[in-house]
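Before any comments, here is the structure.
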């Protein structure tokens with residue numbers, strides 16, 4: 011039995027995992043990072059458009075700060091987010107981007123003087139200030155009051171990931187590539203590491219650690235069409251779920267991005283619309299202003315996606331053999347802008363559609379894009395039920411995004427959560443309670459169990475199943491019945507059909523009888539796990555009889571704060587079960603800085619909670635008092651919802667801006 | 070909706086599993102009906118699901134940005150995921166990318182090679198010793214917008230390995246840093262945040278495994294899927310290093 015010991019085990023080599031690993035290493039902890047693919051090939055590289063941080067350097071970002079970013083994030087989440095977490099996030103994002111700048115990310119910079127921009131389909135001239143010259147600039151994204159999304163052309167995630175992985179190499183972090191975590195080793199509510207499988211040789215290795223961090227990204231690939239990389243199959247969430255102890259949060263909160271190309275579902279960045287691109291229909295008509303007169307194409311993602319489907323249902327879609335679609339028109343931006351700031355988009359259009367987006371509109375349709383749900387953790391990134399298990403980035407639900415994530419907040423979250431969670435893990439590792447005394451007997455039990463499961467997959471069976479048909483069936487159920495618009499009848503069918511598939515998946519027989527590198531084998535065990543996640547999503551969606559953010563129930567169109575201002579908590583206590591346990595964790599209005607209100611899209615459909623008004627009145631009078639006494643924005647915020655003391659000490663500082671200069 | 074008959078593609082794949090001692094490399098041909106907008110990503114998944122579930126290949130982003138799926142398509146190194154079958158003849162040959170450790174069939178371990186390269190060339194920002202830690206609370210250091218754009222240009226490399234597979238020099242010198250490596254050094258050389266001196270760079274690439282090994286066959290630039298100006302970057306580094314030599 012091969013056993014490797016370390017202080018901190020990080021599973022996942024994208025931005026979140028890398029940043030977490032470098033953070034704990036800096037604190038003197040030994041760390042091993044497991045990854046399915048070389049870290050630089052992680053899905054983080056696909057983030058094109060940018061990262062939100064309220065630097066406020068560009069003229070359209072002037073006046074931006076943590077408070078504005080916080081407000082946008084909470085509204086965007088449809089009040090599902092954890093407000094303390096959101097505060098920690100907005101305060102750390104500017105530090106994250108500045109740190110990355112020092113580590114080599116070539117952020118696009120402000121150029122003093124005039125430049126042309128397209129706003130609301132019209133050419134305008136913007137004038138950047140002299141004193142901002144050379145600082146990091148930002149573009150517009152949906153659902154934000156300011157231009158806050160910092161970028162490097164449209165290769166932001168790529169540049170960030172490369173800088174981060176290079177830093178990990180500089181720090182000599184041990185990266186074990188092509189290793190797949192198969193199960194978490196745990197006992198009595200304490201996590202001790204993971205059993206991992208070498209995807210080249212098939213060897214099982216036990217990694218034993220004081221703290222284990224899952225940073226494996228989202229679970230978008232349970233849908234047939236997704237913008238996600240093919241490795242985003244939710245295996246991190248699945249192995250957490252399979253402990254029977256750790257819980258998942260808000261699994262039904264799935265984001266659909268408005269503009270993925272048809273039919274392959276590859277993303278074109280929100281930057282297309284942020285930079286001035288428009289959506290048009292079969293008649294070449296720009297329809298978004300009719301639905302959302304104020305924000306138009308730059309309403310929040312969930313809203314734009316729903317409006318597009320509505321418009322298609324109104325008969326205005328463009329017919330194609332792959333179903334109806336709409337157009338994303340960026341020709342108005344001009345060739346020069348496209349070739350400089352949207353060149354990945356241009357390459358994608360050329361390679362996959364054979365069109366030049368500077369000449370022709372792009373066929374697009376809302377497509378599965380992001381998993382707001384994930385491993386439920388507290389603000390430190392630690393599981394609430396399994397000690398020593400941590401999670402960060404898209405894999406986690408600590409819960410920054412609630413029921414809808416703002417564009418640009420995900421890459422930002424990967425790095426910020428990695429920074430914060432690393433500090434909390436390092437703190438934990440410095441305490442005596444982090445020491446472990448796990449027996450080799452227990453380790454062996456977990457390794458043997460995985461070995462037995464793999465061997466069972468190879469055993470001959472009656473009425474044997476094959477992994478691919480089961481996976482395709484699942485993907486299609488999720489598309490057809492757990493999509494952008496949901497209803498009770500379809501969701502019930504989805505739950506029943508997925509349960510049936512899960513039962514069938516227990517009878518998979520792998521035809522190629524080898525435990526070494528074998529794609530059929532990993533597809534077999536992954537589809538079994540993906541089915542469990544799919545059931546969690548469908549079941550959570552069925553039982554949430556309201557509409558909130560990206561979870562839109564046609565039969566329950568109201569956001570019901572009275573009954574559903576809570577988080578869905580899913581667990582799988584018994585592995586022989588075919589259904590998860592679904593519970594709810596309340597979200598307290600009384601401690602909120604920003605009580606639930608109207609998001610400002612369409613008509614107000616909220617069933618309010620009585621506490622909302624009470625808390626709002628309380629806040630209004632408190633604010634008035636403090637402001638009368640001359641309190642600044644930090645003092646007001648502190649009085650409304652103190653959070654700063656919960657941040658790691660090194661990240662508690664305020665952020666300097668051009669108009670909020672520090673005294674030297 | 071289309072009634073025209075689809076082509077039947079004959080896709081020949083060089084198959085070999087080095088994990089199995091008795092296995093011998095062989096070319097296996099699969100016949101597949103072409104579909105609209107079919108890429109090699111779609112075709113290979115089809116083959117795996119319908120004909121041979123043991124077929125090994127690597128796709129991650131399937132959008133031409135992650136660099137996982139480089140292979141020889143009709144003998145030329147390229148990204149399979151964004152290769153449309155409609156742009157190829159109906160007889161297509163696929164082979165694993167040469168120069169890298171073979172995992173099996175079309176799957177190669179480019180990650181390990183690239184990690185070794187990055188380690189050797191220290192492809193990260195080097196600060197001066199004793200320089201104080203960055204204070205991320207403060208305004209970031211300024212950079213000329215044009216310079217940031219220029220650095221990004223060279224930073225677009227996706228480490229797919231096509232330039233290595235297309236390189237003539239590396240066939241004779243297995244430790245040659247390749248266009249991927251020399252482009253990276255050029256990237257750090259123009260970045261003012263990296264405090265390495267020309268002498269430091271000379272130590273890294275001032276020999277025939279570095280910038281003086283390149284024979285200017287330009288294979289790298291021909292096959293680079295990101296259209297990076299690799300030859301001019303190598304030429305730039307060579308000029309810099311020659312000047313360095315003259316100064317000595």
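Chains as they are written, first to last, in my numbering: chain U, 11 to 674; chain B, 70 to 317. For every residue, glycine included, the Cβ atom is placed at its ideal position computed from N, Cα and C. Just so you know, these numbers come straight off a predicted model, no measurement behind them.
Inset, instruction - Would you kindly work out how many angstroms separate the C-alpha atoms of residue 166 of chain U and residue 465 of chain U, rounded to a whole number? - result: 43 angstroms
Legend entry - Span of the beta strand (DSSP E) around residue 267 of chain U: That run of the beta strand (DSSP E) goes 264 to 271.
Inset, instruction - Find out if the Cβ-Cβ distance for the pair residue 460 of chain U, residue 517 of chain U is shorter than 8 angstroms. - result: no
Inset, instruction - Measure how close the beta-carbons of residue 609 of chain U and residue 85 of chain U come, nearest whole angstrom, since I'm counting them as under 8 angstroms. - result: 5 angstroms
Legend entry - Straight-line gap, residue 187 of chain U to residue 227 of chain B (C-alpha atoms, nearest Å): 17 angstroms
Inset, instruction - In the DSSP assignment, find the unbroken alpha helix (DSSP H) run with residue 629 of chain U in it and report its ends. - result: 620 to 638
Inset, instruction - Can you give me the start and stop residues for the beta strand (DSSP E) that residue 212 of chain B sits inside? - result: No beta strand (DSSP E) contains residue 212 of chain B, which DSSP labels as neither H nor E.
Legend entry - residue 123 of chain U in three-state terms, based on DSSP: Residue 123 of chain U carries a strand assignment under DSSP once its states are collapsed to helix, strand and coil.
Inset, instruction - Select from B:300, B:188, B:292, B:304 the residue whose C-alpha is nearest the C-alpha of residue 145 of chain B. - result: B:292
Legend entry - Complete alpha helix (DSSP H) runs within the region 232 to 262 of chain U (minimum length 4 residues, chain order): 245 to 251
Inset, instruction - Give every residue of the same chain whose Cβ lies closer than 7 angstroms to the Cβ of residue 22 of chain U, excluding the five residues on either side of it in the sequence, and list them in chain order. - result: So the qualifying residues of the chain are 45, 224, 225, 226, 227, 246, 405.
Inset, instruction - Could you confirm whether any beta carbon from chain U is found closer than 8 angstroms to the beta carbon of residue 192 of chain B? - result: yes
Inset, instruction - Would you check if the distance between the CB atom of residue 124 of chain B and the CB atom of residue 131 of chain B is smaller than 8 angstroms? - result: no
Inset, instruction - Specify, as a first and last residue, the run of the beta strand (DSSP E) that residue 169 of chain U falls within. - result: Segment 166 to 180 is the alpha helix (DSSP H) holding residue 169 of chain U; no beta strand (DSSP E) there.
Inset, instruction - Compare the Cα-Cα distances from residue 286 of chain B to each of B:216, B:165, B:271, B:234 and report the closest residue. - result: B:234
Inset, instruction - Determine the DSSP secondary structure at residue 381 of chain U, reduced to helix, strand or coil. - result: strand
Legend entry - C-alpha distance - residue 124 of chain U paired with residue 136 of chain U, whole-angstrom precision: 5 angstroms
Legend entry - residue 577 of chain U: first and last residue of the uninterrupted beta strand (DSSP E) it sits in: Start and end: 576 to 581.
Legend entry - Pair within 8 angstroms by beta-carbon distance, residue 310 of chain U and residue 416 of chain U: yes
Legend entry - Residue-chain proximity (residue 72 of chain B, chain U), Cβ-Cβ < 8 angstroms: Residue placement at residue 72 of chain B cannot be trusted, given a pLDDT of 47 that sits under 50; what the coordinates show is reported in the next sentence. False, the Cβ-Cβ gap to chain U never drops below 8 angstroms.
Legend entry - Contacting residues, own chain, Cβ-Cβ under 6 angstroms from residue 194 of chain B (five flanking each side not counted): 262, 263
Inset, instruction - Assuming residue 325 of chain U contacts residue 25 of chain U (C-beta within less than 8 angstroms), just tell me the rounded distance between them. - result: With 8 angstroms as the limit, residue 325 of chain U and residue 25 of chain U do not qualify as a contact, their Cβ atoms being about 42 angstroms apart.
Legend entry - residue 561 of chain U - DSSP class collapsed to helix/strand/coil: strand
Inset, instruction - May I have the straight-line CA-CA distance separating residue 264 of chain U from residue 619 of chain U, to the nearest angstrom? - result: 24 angstroms
Inset, instruction - Would you mind sorting residue 352 of chain U into buried or exposed? The rule is 16 or more other CB atoms within 10 Å of its CB. - result: buried
Legend entry - Contact list for residue 522 of chain U against chain A, beta-carbon separation under 8 angstroms: Looking for chain A here will not work: the only protein chains present are U and B.
Legend entry - Residue from B:133, B:296, B:306, B:308 with nearest C-alpha to residue 222 of chain B: For residue 222 of chain B, the nearest C-alpha among the options comes from B:296.
Legend entry - Neighbour flag for residue 361 of chain U against chain B, beta carbons, 8 angstroms: yes
Inset, instruction - Could you round the C-beta distance between residue 526 of chain U and residue 88 of chain B to whole angstroms and report it? I think they count as a contact, below 8 angstroms. - result: Yes, they are in contact, since the Cβ atoms of residue 526 of chain U and residue 88 of chain B sit about 5 angstroms apart, within 8 angstroms.
Legend entry - Chain-ordered chain U contacts of residue 88 of chain B [CB-CB under 9 angstroms]: Going along chain U in sequence order, the residues near residue 88 of chain B (Cβ under 9 angstroms) are 210, 211, 212, 524, 526, 527.
Inset, instruction - State yes or no: is the C-beta of residue 434 of chain U within less than 8 angstroms of the C-beta of residue 134 of chain B? - result: no
Inset, instruction - Using a threshold of 8 angstroms, state whether the C-beta atoms of residue 407 of chain U and residue 259 of chain U are closer than that. - result: yes
Inset, instruction - Check whether the Cβ atoms of residue 412 of chain U and residue 91 of chain U lie closer than 8 angstroms to each other. - result: yes
Inset, instruction - Please go through the same chain and pick out, in chain order, the residues whose beta-carbon is closer than 8 angstroms to the beta-carbon of residue 656 of chain U, but skip the five residues on each side of it. - result: 94, 98, 389
Inset, instruction - Find the nearest neighbour of residue 110 of chain U within the set B:200, B:119, B:208, judged by alpha-carbon distance. - result: Closest in C-alpha terms to residue 110 of chain U, from the list B:200, B:119, B:208, comes B:208.
Inset, instruction - May I have the straight-line CA-CA distance separating residue 81 of chain B from residue 442 of chain U, to the nearest angstrom? - result: 60 angstroms
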